Amino acid sequence: MANEDVDLLGLQETTSTTAKAFLLAMNSNSTPTNKYAHFTRENCSIIYNKDIGDVVHIDNLGIGMRKKQKIPHPRGIVAIYIRNLRILVINFWLEHSNQWQPSEFSHHLGQ
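Heads up: the sequence shown is residues 5 to 115, going by my numbering.
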């Protein structure tokens, strides 16, 4: 990915350890090295080029409420906001069933 000069990359089924290993591989193939950073939560990651500007990690997306209410979908979510571009990047890891309904999640997103 670093060889392709990717600025944003979403990963699912990741832990902080696997995201750091992926990040290490990307940084070792980039010029300059240490070009990429990551934000990981709930088994989802976003790897981003630090040159894209001021990146804010969005830490509270109401996922804790999902667990308390035993809502099974989505399996994970992570988000960053790029201030200078005014872009919100969200990486969802959806349930592996056909029972998921978008309204089921959006109702709980801001809680």
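No residue lacks a Cβ here, since even glycine has one placed at the ideal position from N, Cα and C. Given the structure is predicted, the values throughout are model-derived calculations rather than measurements.
Starting from residue i and walking both ways along the alpha helix (DSSP H), at which residues does that stretch end?
i: Ser34; result: Run containing Ser34: none; DSSP gives neither H nor E here.
Tell me which residue opens and which closes the beta strand (DSSP E) that residue i is part of.
i: Val60; result: Val59 to Ile62
i: Ile3; result: Summary: the structure shown does not reach residue 3, with the chain confined to residues 5 through 115, and so no result is reported for it.
i: Leu15; result: Leu12 to Gln16
i: Leu89; result: It is not in any beta strand (DSSP E) - Leu89 carries neither H nor E in the DSSP assignment.
Around the C-beta of residue i, are 16 or more other C-beta atoms found within 10 angstroms, so that it is buried, or is it exposed?
i: Glu17; result: exposed
i: Ala25; result: exposed
i: Ile81; result: buried
i: Asn2; result: Since the first and last residues shown for the chain are 5 and 115, residue 2 lies out of range.
i: Ser49; result: buried
i: Ala29; result: exposed
i: Leu92; result: exposed
i: Gln115; result: With a pLDDT of only 46 at Gln115, under the threshold of 50, the placement of this residue in the model should not be trusted; the figure read from the coordinates follows. Looking at its Cβ environment, which holds fewer than 16 other Cβ atoms inside 10 Å, Gln115 is exposed.
Quick check: is the beta carbon of residue i nearer than 9 Å to any beta carbon in chain D?
i: Lys54; result: The structure shown contains no chain D, having only a single protein chain.
Hey, out of the options, whose CA is closest to residue i's CA?
i: Arg90; options: Trp97, Leu98, Val60 and Arg79; result: Val60
i: Phe56; options: Asn47, Trp97, Thr44 and Tyr40; result: The displayed chain sequence assigns Ile, not Phe, to residue 56. That would be Tyr40, whose Cα lies nearest to the Cα of Ile56.
i: Thr19; options: Ile62, Arg45 and Val93; result: Arg45
i: Glu8; options: Asn33, Tyr85, Thr21 and Leu15; result: Asn33
Can you name the residues that DSSP bridges to residue i?
i: Thr44; result: Ser49
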